[in-house]
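Step one of this worksheet: look at the structure below.
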């Protein structure tokens, strides 16, 4: 079993706000992230697929196909978007790095046709990232 | 003469839009950046000060003082902000990396008390950055 | 289950020396690291916490609380310190990256209140790092 | 149990070509990588060894010995080489990152004398890497 | 005057060999680089353009146009190529980082239509790079 | 004219202390750096040499010779050393990044035989570095 990881980037805006809370509670819990004008990040996404290299190609999966999948499911949906307003999959939950990673897992897992999705790692900044392994761990 | 550079980060949202143009022209010129919901970046700022090391301290400037200046002038003004709506210094101009670097130069240059501001380098992403040297070059 | 990782840095001095050995044996085993004037590193620490995002906040833990914990337990104890002389928790063992990571695990594990500590990764340099998972692996 | 990782680099040339296929099929499957003049990469290799720190040295293994092993088995074999023509261990298989990582695992695993080889991570570029854990996962 | 820099990558193979020298002299001067099977690198190219931001767009140049130029002149010519055999512009000279940077300058300088080319920086590896400013410095 | 830059690392310990000042003044000016047990850094040094590529080799200078020079003048003198106690060239001045860069310039400039030393850049950490151009700027 080999684990292949592809890295990509997208830029998006977001803020954190719980409408059931007062302005004060939002400020206290979310701090500067509660600013409803929004701020943003260069997200870095690492997608890891586990599989056995094909004897003919020596590859776990077709990298051109993976690139197309990532452009269709990730770039087109998240890049240069505001996560609070433009991504239906995130409606009703805070667009935190945690929830964004889970959403990306759910979008990609059923579409990986060679091998299986092993991990989604998402960096919000060089100093903060989350890993999601679906329900396998 | 020694050039000392301090690196820092801030996160902000922005979009590009020229209200004198049609929607079509904005799309054509600015592409995905014209999305008025906004997107965002982890900006990386490098501030370079030129000076002669003080014989007593061996330093071009007091790094604690520089840190306070950068927090007051840069972090408080730009971090977790939407550049189109919350930064008066950028009013009336596109919040491009170019214009943002010039604005940062103008904010910092008169406030550097030891040495003189030599360069402002601003990364919008790891693959795109601008340098501003004021009017000296 | 989501794994959230926070990265931070600290600078410290250390050397390796076994007082039960001769000078020659220390030189042979530890090489340049046996220089008792000491040398130092910019250590990079990655702390990973495993947990389930809170439905209200979308977060595995309170990042401001984590930051305070890391400043109190890590920065105040290790930053700008000499590991051989100023850290009681390391007394009696070589201040290797391995032992330092285990020490950090023991300091942090009982203090993480939301989720549980999953991994401590410590870089001594960009080319050398260790991972500690406590007794779970 | 502690996991220690050492990073190193080597530069090599390669191309992908299946002699049982037509030129067209090679182009379709391998794209630009099928160019038989070859291209190349700065490979980055991370070797992770799992073990228990020695009480006397505080170390999982002797780093000087590991360095010699990596120079003898990896640098001398792969650095400044053309993987299609000069590495007998890769004969008969595509020199993909996947196959190269498996080959490196097989070369190193039996030669690690303190601790055991846990993971081989190989970056072909900053955006593409594979992990090999032998047959343990 | 603002200096805007765009970073990009390409992968290529090369070797150093002077046909007027004996095999021994080639080995002595070029070392492992004289291996005529070739080796390769992930080159990183930084292209810096100097100009004045356009008042309407706030930009030194049209980034989409720059991207097209770089793909046409750099990616199509150098990426996944063997520099000794497939790049006519390098015929008759060693494909060193120095000569490659000069060649890239000559290809790009006359084609920059907004602003002027200020610097070509080319990394052969993270530890070795060259800067070319044309004949201006 | 081409500018070639070579990057290397060394690890060292240091502290800042002015013996003509009281303990209180040292603390006020140097903060945590005044801790006389010392702390340390992974210094990253970039040495830039300006020259014209040799027509026969295509190179500004002999990289093997440069490597030997850097090992003899820099690694042997600074690596795994305590800058306050073991480097005569730094005696009588604070071992700040500024003074260390000037010292490195003075050590290397007269020894570069092909081309001329153009710049010494020294990183004390990823967020703080200084540039020294000798007396040329």
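Residue numbers (the working numbering), protein chains in the order written: chain A, 8 to 144; chain B, 8 to 144; chain C, 8 to 144; chain D, 8 to 144; chain E, 8 to 144; chain F, 8 to 144. For every residue, glycine included, the Cβ atom is placed at its ideal position computed from N, Cα and C. Please read these numbers as outputs of a predicted model, since none were measured by experiment.
Counting only Cβ-Cβ distances below 9 Å, residue 11(B) has contacts in chain F at 104, 105, 135, 136, 137 and 138, in chain order. Note on geometry: alpha-carbon atoms of residue 120(B) and residue 67(B) lie some 11 Å from one another. At least 8 Å separates the beta-carbon of residue 14(D) from that of residue 76(D). Residue 111(C) has its alpha-carbon roughly 24 Å from the corresponding atom of residue 134(F). By alpha-carbon distance to residue 130(C), the top candidate from 101(C), 60(C), 90(C) and 51(C) is 51(C). For residue 91(B), the closest Cβ of chain E is not nearer than 8 Å. Residue 120(B) carries a coil assignment under DSSP once its states are collapsed to helix, strand and coil.
Of the residues assessed, residue 18(D) falls on the buried side of the cut-off, its CB having 16 or more other CB atoms within 10 angstroms.
Cα atoms of residue 106(C) and residue 89(C): separation of roughly 15 Å, rounded to the nearest angstrom.
By a beta-carbon distance limit of 8 Å, residue 87(C) does not contact residue 48(F). Their separation comes to about 11 Å. Of all residues in the segment 57 to 77 of chain F, the ones placed with a Cβ closer than 7 Å to any Cβ belonging to chain E are 60, 63, 64, 65, 66, 67 and 71, in chain order.
Collapsing the DSSP output to three states places residue 79(E) in a helix. Taking 8 Å as the upper bound for CB-CB distance, residue 65(C) and residue 103(A) are in contact here, some 4 Å apart. Contacts with chain C (Cβ-Cβ distance below 8 Å) from the segment 28 to 53 of chain D involve no residue at all.
Close partners of residue 20(E) in chain D (Cβ separation under 8 Å): 20, 44, 45, 46, 47 and 89. In the DSSP annotation of this structure, residue 109(D) is not part of any beta strand (DSSP E); the continuous alpha helix (DSSP H) holding it starts and ends at 104 to 115.
Taken through DSSP and simplified to helix, strand or coil, residue 73(B) comes out as helix. At least one CB of chain A lies nearer than 8 Å to the CB of residue 86(B). By the beta-carbon neighbour count (other beta carbons within 10 angstroms, threshold 16), residue 32(B) is exposed. Boundaries of the alpha helix (DSSP H) around residue 31(D): 30 to 37. With fewer than 16 other Cβ atoms inside 10 Å of its own Cβ, residue 63(B) counts as exposed. Under the three-state reduction of DSSP, residue 128(A) is assigned to strand. Under the three-state reduction of DSSP output, residue 136(E) falls in the strand class.
By the CB criterion at 8 Å, residue 12(F) and residue 59(F) fall outside the cutoff. The contact set of residue 108(D) on chain A, defined by CB atoms closer than 8 Å, consists of 9 in chain order. Around the C-beta of residue 138(F), 16 or more other C-beta atoms lie within 10 Å, and the residue is accordingly described as buried. Collapsing the DSSP output to three states places residue 41(F) in a helix. Within chain F, 64 and 65 have C-beta atoms less than 7 Å from the C-beta of residue 101(E), given in sequence order. Taking 8 Å as the CB threshold, residue 118(F) stays off the interface with chain E. Residues of the same chain with a CB within less than 7 Å of the CB of residue 10(F), apart from the 5 flanking positions on each side, are 55, 57 and 125 in chain order.
With a beta-carbon spacing of about 16 Å, residue 21(B) and residue 93(A) fall beyond the 8 Å limit used to define contacts. Straight-line measurement puts the Cα of residue 8(C) at about 12 Å from the Cα of residue 127(A). In the assembly as shown, residue 108(D) is a buried residue. Its beta-carbon has 16 or more other beta-carbons within 10 Å.
Residues 36 of the same chain have their beta carbon placed closer than 8 Å to that of residue 28(B), with the five preceding and five following residues left out of the count. For residue 17(F), there is no enclosing alpha helix (DSSP H); the residue is part of the beta strand (DSSP E) that begins and ends at 9 to 21. Exposure of residue 79(A) is indicated by the presence of fewer than 16 other C-beta atoms within 10 angstroms of its C-beta.
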